[in-house]
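Enquirer:
Listed below in structure tokens is the structure:
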């Protein structure tokens, strides 16, 4: 990595400085987005460092996402006038966010603090940690720091948004520290369901904060490195001001299963399916799982075909970066796979969550162009449904079973291991780091609360545990921890090209329209006399099956016609009042007759 | 029960006859619905009986709901020209059924066979077994047979629909046989999460079919009777033609937990909550659970208040019918409960599924009129979320926790036991009944398939197991079991007062409207010349936030205006073509600019 000190310009106030350049770093990419921030002069820091020696400086933490929700993780650390962003994730829309594609954090607070921002560091490459990056970088172009695989995933994303050439990215390597303003970041290896996941020890004048990202402890990781317990212990010994730790699995007792434990389950299934084609669906980002499947296929003399856009994209990148390995000739094209005998083929595919347009979903519906599922297939869904997806997964399972395939799904075998720490792991990390303050993060309120209870159980005093919310400004100092301010934060909805242009009014209308449809009543009236020239005509969409409701609609039309006629001889016509009258007349008649409340839209064309 | 033989009228073709009147029967109710069927003359049966002795008669089974889905259970049995309906349930709408309140079976096949229908027998009082009754009885008024509690629940339902006085109901008592045409029904006690649940042995010239309804085996039921294993064994010894058995839990190994096992878990929680108010949410129909909670409250010197419309309705009825017992003064009004010290109060409430308008949901949102939740509350959700409800339950849990209450939910303790049999129970019943044919019912395809595998594992030959689908006509004879016909069946959607008037077109429109809203383009044109008199004007709902999109909307308006103007000098104006042109122009412009596809509605008012 090259921190580009030559780009320092006089008079520029904020910047980026890496104390130890990482090896094998990706070259910084450049382009057209917002103008880049420039590094500060080193003397500035030296000066400030001296000030800090005389007086402990408080630290502020602003979680702008990920608290009280699972997703759109974004945390801002502020100390001595410097700000650092950790992660920039997105969230899948809730079921009541009609038509919304994606939810991202509100960046208003960051825009207000543009000048303090030094960079974005990323823990790992899952959507809930990187999904909002393109939307943020379009507004504020900061350098992005992440491990090699994570940078690969970010690169794909920036390319899709046409930002690849304009954003500066830097590679992080474990235990190679990075200095950003007054912050010294130490990237520490953790285990998760994607390779190259990091925690950060963030050192600043206020002390050291441990930010875990998503993590679990895997003593026998599949191919990856083990969790760097020593680094956590080292900081614990030196003294940790605060620990911010992943709460996703805080309700689960015990210890998460190792990714390797999945191996035995899958191996048994492969041997059971010896005469069949094996199709395995899993998360496109779980490259450990993909490697494990490739290895099993090789052992069994099978070829491997990759299916699904994101699976193809991720495996291609991972092969290129060396995160996946396959002997020559093992990976074959999906078209070629269809021509081989079933027992010689394994297909690795997307769709483990039953996503409507995914490859597995299309197979289940018989609409996949190349893969036709039948009794010769042995299908493994190597994932558990994310809450909310259960019904979609069931639909896919039913479809595949009906086609005659054997299907192994959810809890039938050990075919999945969670990527998040359970209670015993959470206790271990609290014990190792011995933080003065504890802030549970990454979870809905119930997860945070449960994690707080675990922390209390292992000896963190209740007054030193803070359950914060998205948008809280948390101040940590020697005196205590407290929410000291509220900043603008929340959910910004992305719909098509629109970012934030769908708000509560539009959503309320979409909900109304989805429940009972719309009734449009249009009439042409004389602009001067108010005489009804034509109409009213009635149009409905999503309300009733028109052919069977002609009488009801005609009655409504006639009732509205009477309203219109009653207004036509009035000297001072009140168009607003007339529209309200039409709306109320139609609405109450239709409700009385159908117990439905369609949206009523009166249109008066003056001629 | 009085079979009313005096109502037999000459020349009437179909009827009802009970061989052994049950004791303590509810008096048949009468009223105004469709004209009632009348009983056949006894001679008719004697005649037919003799015919049957000479030749084995096949039996037909028509599942009109409940196969390939969880809900709207309705099975029709046909033998020797007689037809019998078992259960008549509803289904909650799927998430893609926008605005739909309820789904019921298609009754077309039953209407086609009106003259053969003898009556409806009900296994138990859950919605998925009785929810469609009012809709059916409105069309075809048949006598309804059920146990006392089930009749109570049906009565409430009929009353809501104004049918209470016009429908004839008869009480069933376990092991007291009922003859309906050529069918002899033997009601057999089973365990389930509601008291008074039945299986039926249905004897007819073709043989005996065992129809289980929903069941589990509870050796230590909470207050109720044990599962009548002896009756199942008795029929097994005599010979069972077919077994139709509940598949809901067919994926679960082992044996379901006893309702009594919940007792210990709840008792421990009551003692933990000794200084707090205890609020317990459970299903309004689970009267065992309600009794258990009343008993625990009494033991702890607490009063009990009931909250939630359906909970109040059900407990009132159950107290009246003797299915619930409480010492005098224990049950108090909710208003009074608010005035007592917390440790003296238990509230039993609806809302265990997180239903938006339920009492518990309102408590969590701080909008319950009487109950204000706070740190003094200990709240137990004594139910597991039905698939699809997880997120709603989580929302309620988060809300309650934020108010400072202690909340015990899902799997944190043994606070719920399922009402459906697991694999070992399913095996036991197949072993006891030794059926020639096996048809798994009540479940999605994956459940039926798994149940079929269990049956095969305990020795039912594969060719004698049939996984049928809703709408199949299944023929059972000495020669085998097969789907021999397809009848009209499916999902009829209820929306407000409309039954079946919302079909796929209306739903498709609702989906479109929900995703991107609607854009209406209205113009007034001269009817003769086609000259544009006014407009076009543009109206949107659910599309964009109008104030921030004025430019986009104006551009669209101008583009459509050009289209309109281009048509105004054409001699043979093609209104259909013009509307299509408007639609395409607006649609492509808006998609290009927003990547959204709102519904476009062009309106041309001729003046």
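Chains as they are written, first to last, in this note's numbering: chain A, 416 to 1022; chain B, 416 to 1022. Backbone N, C-alpha and C define an ideal beta-carbon position, used for all residues, glycine too. None of these values were measured; they are calculated from a predicted model.
According to DSSP, which residues form a beta bridge with residue 853 (chain B)?
Expert: For residue 853 (chain B), which the question treats as bridged, DSSP gives the partners B:658 and B:880.
Enquirer: Can you list the beta strand (DSSP E) stretches of 3 or more residues lying completely in the region 580 to 656 of chain A, in chain order?
Expert: Entirely contained in the region 580 to 656 of chain A, the beta strand (DSSP E) runs reaching 3 residues are, in chain order, 584 to 586, 593 to 595, 598 to 604, 613 to 619 and 622 to 626.
Enquirer: Compute the distance between the beta-carbons of residue 609 (chain B) and residue 541 (chain B), then report whether it is under 8 Å.
Expert: Yes, the pair counts as a contact, with Cβ atoms nearer than the cut-off.
Enquirer: State the beta-bridge partners of residue 507 (chain A) as determined by DSSP.
Expert: None, per the DSSP bridge assignment.
Enquirer: Less than 8 Å between CB atoms is the rule here; does residue 587 (chain B) satisfy it with respect to chain A?
Expert: Judged by the 8 Å Cβ criterion, residue 587 (chain B) is not in contact with chain A.
Enquirer: How far does the alpha helix (DSSP H) with residue 551 (chain A) in it reach, from first residue to last?
Expert: Note, residue 551 (chain A): alpha helix (DSSP H), 548 to 554.
Enquirer: Could you confirm whether any beta carbon from chain B is found closer than 8 Å to the beta carbon of residue 513 (chain A)?
Expert: Yes, its Cβ sits closer than 8 Å to a Cβ of chain B.
Enquirer: Would you say residue 970 (chain A) lies against chain B (beta-carbon separation less than 8 Å)?
Expert: False, the Cβ-Cβ gap to chain B never drops below 8 Å.
Enquirer: Confirm, please, whether the CB-CB distance from residue 595 (chain B) to residue 956 (chain A) is below 8 Å.
Expert: In this structure, residue 595 (chain B) does not lie closer than 8 Å to residue 956 (chain A) by Cβ.
Enquirer: In chain A, which residues lie less than 8 Å from residue 959 (chain B) when you measure between Cβ atoms?
Expert: Here the neighbours are 913, 916, 917 and 921.
Enquirer: Just to confirm the assignment, what range does the alpha helix (DSSP H) spanning residue 543 (chain A) have?
Expert: 542 to 545 is the span of the alpha helix (DSSP H), which, as asked, contains residue 543 (chain A).
Enquirer: Should residue 510 (chain B) go down as buried or exposed, given a rule of 16 or more other Cβ atoms within 10 Å for buried?
Expert: Exposed, by the Cβ-count rule.
Enquirer: Is residue 778 (chain A) close to chain B? Criterion is C-beta to C-beta, closer than 8 Å.
Expert: False, the Cβ-Cβ gap to chain B never drops below 8 Å.
Enquirer: For residue 487 (chain A), does the count of other Cβ atoms within 10 angstroms reach 16, so buried, or fall short, so exposed?
Expert: With 16 or more Cβ atoms within 10 Å of its Cβ, residue 487 (chain A) is classed as buried.
Enquirer: Please list the partners that residue 954 (chain A) has in chain B, where partner means a Cβ-to-Cβ separation under 7 Å.
Expert: In chain order: 1016 and 1018.
Enquirer: Just the Cα atoms here: how many angstroms apart are residue 783 (chain B) and residue 774 (chain B)?
Expert: Looking at the two C-alpha atoms, the distance is approximately 7 Å.
Enquirer: Going by DSSP in three states, residue 871 (chain A) sits in which element: helix, strand or coil?
Expert: In the structure shown, residue 871 (chain A) sits in a helix (DSSP, three-state: H, G or I).
Enquirer: Between the region 702 to 717 of chain A and the region 604 to 621 of chain A, can you find at least three pairs of beta-carbon atoms closer than 8 Å?
Expert: Segments in contact, yes.
Enquirer: For a cutoff of 8 Å on Cβ pairs, would you count residue 982 (chain B) as touching chain A?
Expert: Answer no: the Cβ-Cβ gap between residue 982 (chain B) and chain A never drops below 8 Å.
Enquirer: Quick test of the definition: if touching needs 3 or more C-beta pairs under 8 Å, does the region 656 to 664 of chain A touch the region 839 to 848 of chain A?
Expert: Result yes; three or more Cβ-Cβ pairs closer than 8 Å.
Enquirer: In the structure shown, what three-state DSSP assignment does residue 475 (chain B) receive?
Expert: Correct three-state label for residue 475 (chain B): strand.
Enquirer: Under a three-way DSSP split, which group does residue 538 (chain A) fall into?
Expert: Correct three-state label for residue 538 (chain A): coil.
Enquirer: Give the straight-line distance between the Cα atoms of residue 621 (chain B) and residue 597 (chain B), rounded to the nearest whole angstrom.
Expert: Cα-Cα distance, rounded: 10 Å.
Enquirer: Do three or more CB pairs link the region 558 to 565 of chain A to the region 710 to 718 of chain A at distances below 8 Å?
Expert: They do not touch, by the three-pair rule.
Enquirer: So residue 1018 (chain A) packs on residue 1018 (chain B), CB below 8 Å; how close in whole Å?
Expert: With a Cβ gap of about 7 Å, residue 1018 (chain A) and residue 1018 (chain B) count as contacting.
Enquirer: According to DSSP, is residue 910 (chain B) helix, strand or coil?
Expert: Strand, per DSSP.
Enquirer: Let me make sure I understand the geometry here. Which of A:802, A:975, A:693 and A:769 has the alpha-carbon closest to that of residue 755 (chain A)?
Expert: When only C-alpha atoms are compared, the closest one is A:693.
Enquirer: What does residue 560 (chain B) pair with, by DSSP beta-bridge criteria?
Expert: B:536 and B:585.
Enquirer: Measure the C-alpha to C-alpha separation of residue 971 (chain A) and residue 599 (chain B) and round it to an integer number of angstroms.
Expert: Looking at the two C-alpha atoms, the distance is approximately 53 Å.
Enquirer: With 8 Å set as the bound, which would you pick, yes or no: does the beta-carbon of residue 930 (chain A) sit closer than that to a beta-carbon of chain B?
Expert: Yes, contact with chain B.
Enquirer: Starting from residue 701 (chain A) and walking both ways along the alpha helix (DSSP H), at which residues does that stretch end?
Expert: Unbroken run through residue 701 (chain A): none, as it is neither H nor E.
Enquirer: Report yes or no: do three or more beta-carbon pairs, one from the region 946 to 954 of chain B and one from the region 1006 to 1022 of chain A, lie closer than 8 Å?
Expert: As far as the Cβ criterion goes, the region 946 to 954 of chain B touches the region 1006 to 1022 of chain A, which means the pair count is three or higher.
Enquirer: Which residues in chain B have a C-beta closer than 8 Å to the C-beta of residue 933 (chain A)? List them in chain order.
Expert: Residues of chain B passing the Cβ test: 928, 933 and 956.
Enquirer: Quick check: is the beta carbon of residue 550 (chain B) nearer than 8 Å to any beta carbon in chain A?
Expert: Residue 550 (chain B) does not count as touching chain A.
Enquirer: By alpha-carbon positions, which one of B:890, B:961 and B:936 ends up nearest to residue 473 (chain B)?
Expert: It is B:890 whose Cα lies nearest to the Cα of residue 473 (chain B).
Enquirer: Where does residue 748 (chain A) fall in DSSP's three states?
Expert: The answer is coil: DSSP assigns residue 748 (chain A) none of H, G, I, E or B.
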